[in-house]
Structure formats: structure tokens, C-alpha cells
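Inspection log for the structure reproduced underneath, given as C-alpha cells.
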Amino acid sequence: MKITVVGTGYVGLVSGTCLAEVGNDVLCLDLDPAKIKILEDGGIPIFEPGLQDMVKRNVAAGRLHFTTDIERAAHFGTVQFIAVGTPPDEDGSADMKYVIAAARNIGKYMTDYKVVVDKSTVPVGTADAVRAAITEELQKRGVNTPFSVVSNPEFLKEGAAIDDFMKPDRIIVGCEDEQAAHNMRALYAPFQRNHDRLIVMDIRSAELTKYAANAMLATRISFMNELANLAEKLGADIESVRRGIGSDPRIGYDFLYAGAGYGGSCFPKDVKALIKTASVEAGIDLKVLHAVEAANDQQKHVLGHKIKARFGADLTGKHFALWGLAFKANTDDMREATSREVIKDLLAAGASVTAYDPVAMPEARHCFPNEPGLSYADNQSAALAGADALVIVTEWKEFRSPDFDNLKAQLKAPIIFDGRNLYDPKMVRDIGFEYWAIGR
Numbered sequence: 319m320k321i322t323v324v325g326t327g328y329v330g331l332v333s334g335t336c337l338a339e340v341g342n343d344v345l346c347l348d349l350d351p352a353k354i355k356i357l358e359d360g361g362i363p364i365f366e367p368g369l370q371d372m373v374k375r376n377v378a379a380g381r382l383h384f385t386t387d388i389e390r391a392a393h394f395g396t397v398q399f400i401a402v403g404t405p406p407d408e409d410g411s412a413d414m415k416y417v418i419a420a421a422r423n424i425g426k427y428m429t430d431y432k433v434v435v436d437k438s439t440v441p442v443g444t445a446d447a448v449r450a451a452i453t454e455e456l457q458k459r460g461v462n463t464p465f466s467v468v469s470n471p472e473f474l475k476e477g478a479a480i481d482d483f484m485k486p487d488r489i490i491v492g493c494e495d496e497q498a499a500h501n502m503r504a505l506y507a508p509f510q511r512n513h514d515r516l517i518v519m520d521i522r523s524a525e526l527t528k529y530a531a532n533a534m535l536a537t538r539i540s541f542m543n544e545l546a547n548l549a550e551k552l553g554a555d556i557e558s559v560r561r562g563i564g565s566d567p568r569i570g571y572d573f574l575y576a577g578a579g580y581g582g583s584c585f586p587k588d589v590k591a592l593i594k595t596a597s598v599e600a601g602i603d604l605k606v607l608h609a610v611e612a613a614n615d616q617q618k619h620v621l622g623h624k625i626k627a628r629f630g631a632d633l634t635g636k637h638f639a640l641w642g643l644a645f646k647a648n649t650d651d652m653r654e655a656t657s658r659e660v661i662k663d664l665l666a667a668g669a670s671v672t673a674y675d676p677v678a679m680p681e682a683r684h685c686f687p688n689e690p691g692l693s694y695a696d697n698q699s700a701a702l703a704g705a706d707a708l709v710i711v712t713e714w715k716e717f718r719s720p721d722f723d724n725l726k727a728q729l730k731a732p733i734i735f736d737g738r739n740l741y742d743p744k745m746v747r748d749i750g751f752e753y754w755a756i757g758r
């Protein structure tokens, strides 16, 4: 199948590359020439494990191509994926200008039947707006070329996106005509050989499913974080509580880990957008999600509060080692990352920070340009030198089993503030560490 993917960001590049991997002929369009040059030179503009090798393999095989030519892209694919950004607007709603612009470009140049697929995370009703934009462009040209609009939301986890695309839990397809459904079934057949994972529904339900999924996961995280804060006050251990409730099959173990708050490009943005959609489009106040958002905003400052409780509100002259900048492991994404709030809290209180992250330090330099109180280390051990304490913000695997003797030798005092509950409290306390975790 010939496929056009509009947008070579996280969703577009992963989707296009994985579709090429199973034999499709894929053309990825981006209007940023610098990004296309990186891709044509064998690089990738994002960090995702395994993606660069897969891109190179499919480019070499002649199945994956890149362009800035809008007309070429509109002619190329029978299936046209729209995978552009939908950044939050000032009021929290998703900004749809890039999605609508992509739809208009398809309408300007298409000459035969197209299946136009909304892959970006978009509010309910976006398919109607996409259809209207394409129809308007066709009318301007005086043609009546047939097309279908489909909602096919992505469910990719950063750091595990290739596995999520190649071995999906489910494939949601919202459409209103059989021809589009047939095309989508054919497209996804290679990804569901052993059993059918494709769920066809109406378009609006598909659009809402994506927001509902992320809002539910965010709710579980904020719920556990609030319980963790309660557990601390009551002298309970949130890890024991997690195992106790997770053993109930109605609840399960996933997304029940307490920590220092969620971040990234999806959960914060999608919770805000769903709250806004409910308020503006339906006149409904989603009280649970307001609480989820407020609890998460508060949780991002828990590490700062713990550090001040230990060292005092004025941290002038104190220096901290910080492990982890990305919002989670296996990505360089720092959008809405907890590390940003922790660093701001420490610097505002007069402290200095030396940070280390396996891949996110270049991104951190963009987030904190010309910040004199913040420096970066080449490795996790170097970050420790002369620090009053270690602060752990991201759960990278290499942080899970450190050389504790080296930690003691490098730190001024054996103190750890662990925002991801990586260690067994009894073990680290027994070997002489003062250990501040979340809900433990």
C-alpha cells in the first residue's frame, strides 16, 4: 500500500517507519527542511530506542522516503495519515491549526480517492472539521473527488513505541463507510496475525477513546500519589498497599506506582484538553479530572518540599546531584517533566544543581539556557561529587542498582531523595543512608 504520513514528529515518524517495516511504500512529509535533512542523512530528530536502525533499514530498502513537497505527498498515498502536533492553546484546548492546514493541503492537490486518517490526538469533532476543510478545497477547484475520513488514534508509549506499534494491544478505527474500514483492515492486517485487535466504531467514539484512555491512566497515577502522601502521614508503606490492591484483578498492577508526578507530551495536555472539551462543547465540569490535574501539579513539588524539610527553606550554599531529566526513562522528552519543577524549586531556594541524564541533557540545555546554578555531568558518578544529597527524578535502569559505596564516598553526606521509589528502604537505610522516598 502507498501511504503518506504528514508530520515527522514522534507519532508520524514511528508510524511511518513501522508501516514501511511490514512492506508498505511510505512517504513522510514535513515542512521543516532541517528535520528532513536530518532524516535523509541517516539521523532522527527524536530519541526512541530502535527507531534509528529501523529508519535506516527501510530507507535502504527503498520503502521509506522523506519530502517537503506538499503536492507530491498529497498525490502519493492512498492512505494519508495526519500526524502533526496539537499543542495546548492558552486556554488548555488543543490547537488544531496544523491538523486543518494538513487537511486543506490534501484537498488542494488530491486527484483520486483518499483515506484521510487523523492519527494526531484530537478533540471530538475534529473529523468533521477535517472533512469540511477538504470539501471546501475541492469545491474551490470545482471537483468532487471522493474521500473518507477516519479516526485512528495512536497509543504509543515513549520509550516503547516500536513494540507498541508492531504488537498493538488494540487498534481503534473510527469510520463511517465500508470502503475506509476495508482499507484500514488491510493496512493493519500484518500487525494482528494471531488474533483480531482492530475495533471499528463511529468516529466520535474513536476520538473520545484516546482522551479517555490517557485520562484514566493519569487518574490512576494521581490517585496513587495522593495515597502515597497519606501513607507517609499514617506510617504505612505505599509499596505494600500497591501490591495489596493490585492483586485484585478488577484493579491490576499497571500504573499504580507512586512517584513525583507525571509529565510528557500526552497526559498533561490530554487531561487539559478533555476538561476544556467537556466544558465548552458539553457544558460539563469534569470534577475528577480537575482533581487529577491539581494533584499532579502539587506532586511535582513534593521532592522540593522534602529537601527543604531536611535542610531548611533557605538552601543557599547547598549543592545537589540530580539523576534524571526526561519525564520518564527511555526518552529525551522533557515536556512537563517533573525535573523542571524540582530544579526550579532548588534554584529558587538558593541551591545549585549538577544534573545527569543518559539522553536528555541536550534538551535540558534548551529548557534552562544560561542558568548559572545548573551544571551537567558526563556520567551519574560525576554528578555526585561534593553534593549535599542525591535527588532521583527519572527511573532509568542504570540508576536502579548503583555502587552505594561510591555514592557514600562522593556525597558530603549519605542522603538520597528518591522520587521514583527505586530502592528498598530497609536495605539502603541498613547500609547507612538517610532515605527519603515517596510514601515509604
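So the sequence shown is numbered by this note's numbering: it starts at 319 and just counts up by one.
For glycine and all other residues, C-beta sits at the position ideal for the given N, C-alpha and C.
Here the structure is a predicted model, which is why all the values come from computation and not from measurement.
Considering only the alpha carbon of each residue, which of V448, H623, G425, G360 lies closest to D663? Taking the first residue of the sequence shown as position 1, residue 663 is located at position 345. Per the Cα distances, H623.
With distances taken between CB atoms, is the gap from R488 to R515 smaller than 8 Å? Taking the sequence shown and counting its residues from 1, one reaches residue 488 at position 170. Taking the sequence shown and counting its residues from 1, one reaches residue 515 at position 197. Contact: yes.
Of the residues I625, G562, M534, the one placed nearest C584, counting alpha carbons only: In the sequence shown, counting from the first residue as 1, residue 584 sits at position 266. Looking only at I625, G562, M534, the smallest Cα-Cα distance to C584 is reached by M534.
Just mark M745 as buried or exposed, buried being the case when its beta carbon has 16 or more other beta carbons within 10 Å. The sequence position of residue 745 within the sequence shown is 427, counting from 1. M745 is exposed by the Cβ-count criterion.
Rounded C-alpha distance that separates I734 from V709: For this step, residue 734 is matched to residue 416 along the sequence shown. For this step, residue 709 is matched to residue 391 along the sequence shown. Spanning the two alpha carbons is a distance of roughly 6 Å.
Is L607 closer than 8 Å to L621 when the C-beta atoms are compared? Here residue 621 refers to the residue found at position 303 of the sequence shown. Here residue 607 refers to the residue found at position 289 of the sequence shown. Taking a C-beta distance under 8 Å as the contact criterion, L621 and L607 do not qualify as a contact pair.
Q398 - DSSP class collapsed to helix/strand/coil: Position 80 of the sequence shown, counted from the start, is the residue given in the question as residue 398. Correct three-state label for Q398: strand.
By alpha-carbon positions, which one of H513, L702, C493 ends up nearest to M519? Here the question's residue 519 lines up with position 201 in the sequence shown. Looking at H513, L702, C493, the one whose alpha-carbon comes closest to that of M519 is C493.
With DSSP as the reference, identify every bridge partner of E752, one or two as the case may be. Translated into the one-based positions of the sequence shown, residue 752 becomes position 434. DSSP, once it has assigned bridges, lists I733 as partnering E752.
Within this structure, are the beta carbons of T595 and P441 separated by less than 8 Å? One-based indexing of the sequence shown puts residue 595 at position 277. One-based indexing of the sequence shown puts residue 441 at position 123. In contact: T595 and P441 (Cβ atoms closer than 8 Å).
Contacts around V448, its chain only, beta-carbon distance under 8 Å, and the 5 residues preceding and following it disregarded: Start at 1 with the first residue of the sequence shown, and residue 448 comes out as number 130. If you ignore the 5 residues before and after V448, its C-beta comes within less than 8 Å of the C-beta of I400, V417, I418, A421, V434, D436, V467, all in its own chain and listed in chain order.
Within this structure, are the beta carbons of T711 and V677 separated by less than 8 Å? Start at 1 with the first residue of the sequence shown, and residue 711 comes out as number 393. Start at 1 with the first residue of the sequence shown, and residue 677 comes out as number 359. With the sequence shown as reference, residue 711 is identified as Val, and Thr is not the correct amino acid for it. Taking C-beta atoms as the reference points, V711 and V677 fail to come closer than 8 Å.
Exposed or buried, which one is H500 when buried takes at least 16 other CB atoms within 10 Å? Counting from 1 along the sequence shown, the entry for residue 500 is found at position 182. Taking every protein chain shown into account, the CB of H500 has fewer than 16 other CB atoms within 10 angstroms, so this residue is exposed.
Since F384 sits in a beta bridge, which residues does DSSP pair it with? What you label residue 384 is simply residue 66 of the sequence shown in a count that begins at 1. Beta bridge pairing from DSSP links F384 with C346.
What's the C-alpha gap between L725 and I490? On the sequence shown, residue 725 is found 407 positions in, with the first residue counted as 1. On the sequence shown, residue 490 is found 172 positions in, with the first residue counted as 1. Straight across, the Cα-Cα distance linking L725 with I490 is about 47 Å.
Cα-Cα separation between M319 and V589, rounded to whole angstroms: Counting from 1 along the sequence shown, the entry for residue 319 is found at position 1. Counting from 1 along the sequence shown, the entry for residue 589 is found at position 271. Each residue's Cα considered, the two are about 35 Å apart.
With 16 as the cutoff for other CB atoms within 10 Å, does Y529 come out buried or exposed? By 1-based counting over the sequence shown, the position of residue 529 is 211. Answer is buried; the Cβ neighbour count reaches 16.
Check the Cβ-Cβ distances between K432 and every residue of chain D, and say whether any is below 8 Å. The structure shown contains no chain D; it is built from a single protein chain.
Exposed or buried, what is P732 when buried is set at 16 or more other beta-carbons lying within 10 Å of its beta-carbon? Translated into positions along the sequence shown, residue 732 becomes position 414. It is buried - the Cβ of P732 has at least 16 other Cβ atoms within 10 Å.
Quick one: using the 10 Å Cβ neighbour count with 16 as the cut-off for buried, is S565 buried or exposed? Residue 565 sits at position 247 when you count from the first residue of the sequence shown. By the beta-carbon neighbour count (other beta carbons within 10 angstroms, threshold 16), S565 is exposed.
Among G668, T656, E599, which one has its Cα closest to the Cα of V630? Taking the sequence shown and counting its residues from 1, the one referred to as residue 630 is at position 312. Per the sequence shown, the amino acid found at residue 630 is Gly instead of Val. Taking G630 as reference, the option from G668, T656, E599 with the minimal CA-CA separation is G668.
Separation of G334 from G642, as counted between CA atoms: Here residue 642 refers to the residue found at position 324 of the sequence shown. Here residue 334 refers to the residue found at position 16 of the sequence shown. Cα to Cα, G642 sits roughly 30 Å from G334.
On the DSSP letters alone, give me the boundaries of the alpha helix (DSSP H) that A533 sits inside. Taking the first residue of the sequence shown as position 1, residue 533 is located at position 215. Counting along the chain, the alpha helix (DSSP H) containing A533 begins and ends at 521-552.
According to DSSP, what are the bridge partners of V677? Residue mapping note: residue 677 aligns to position 359 of the sequence shown, counting from 1. When beta bridges are read from the DSSP output, V677 appears opposite no residue.
How many angstroms separate the CA atom of D482 from the CA atom of P367? Here residue 482 corresponds to residue number 164 of the sequence shown, with the count starting at 1. Here residue 367 corresponds to residue number 49 of the sequence shown, with the count starting at 1. Taking the Cα positions, D482 is about 12 Å away from P367.
Compute the Euclidean distance between the alpha carbons of G341 and R459, then round it to the nearest angstrom. By 1-based counting over the sequence shown, the position of residue 341 is 23. By 1-based counting over the sequence shown, the position of residue 459 is 141. Going from the Cα of G341 to the Cα of R459 covers about 34 Å.
Suppose only complete runs of 3+ residues qualify. What are the beta strand (DSSP E) ranges in the segment 615-665, listed by chain order? For the beta strand (DSSP E) assignment, the uninterrupted runs of no fewer than 3 residues enclosed by the segment 615-665 are, from N- to C-terminal side, 637-641.
What is the DSSP secondary structure of A412, reduced to helix, strand or coil? By one-based count along the sequence shown, residue 412 stands at place 94. In the three-state scheme derived from DSSP, where H, G and I count as helix and E and B as strand, A412 is classed as strand.
Verify whether the separation of the beta carbon atoms of C336 and I480 is less than 8 Å. What you label residue 336 is simply residue 18 of the sequence shown in a count that begins at 1. What you label residue 480 is simply residue 162 of the sequence shown in a count that begins at 1. Taking 8 Å as the cut-off, the beta carbon of C336 is found closer than this to the beta carbon of I480.
Looking only at its own chain, which residues have a Cβ that is under 7 Å from the Cβ of A391, when we skip the five neighbours before and after it? Taking the first residue of the sequence shown as 1, we reach residue 391 at position 73. Within the same chain, and ignoring the five residues on either side of A391 in sequence, the residues whose Cβ sits closer than 7 Å to its Cβ are T322, V324, L345, L347, T385.
Nearest by alpha-carbon distance to Q616: which of A578, D650, N532, F645 is it? Walking along the sequence shown from the start, residue 616 turns up at place 298. Of the listed residues, the one whose Cα sits closest to Q616 is A578.
If we count the other Cβ atoms within 10 Å of its Cβ and call it buried at 16 or more, is L548 buried or exposed? As a position in the sequence shown, residue 548 is number 230, starting the count at 1. It counts as exposed.
Cβ-Cβ distance between F365 and D650 below 8 Å: Locating residue 365 in the sequence shown gives position 47, where the first residue counts as 1. Locating residue 650 in the sequence shown gives position 332, where the first residue counts as 1. For F365 and D650, yes; Cβs fall inside 8 Å.
Collapsed DSSP secondary structure at T429 in the structure displayed: Counted from its first residue, the sequence shown places residue 429 at position 111. In the three-state scheme derived from DSSP, where H, G and I count as helix and E and B as strand, T429 is classed as coil.
For S540, collect the residues of the same chain with a Cβ closer than 6 Å to its Cβ; drop the 5 residues on either side in sequence, then sort them by chain order. For the purposes of this step, residue 540 is taken as the residue at position 222 of the sequence shown. The beta carbon of S540 sits closer than 6 Å to those of V610, A613, N614, all from its chain and outside the five residues before and after it, given in chain order.
DSSP on D588, reduced to helix/strand/coil? To locate residue 588, count along the sequence shown from 1; it is residue 270. Of the three classes helix, strand and coil, the one that applies to D588 here is helix, per DSSP.
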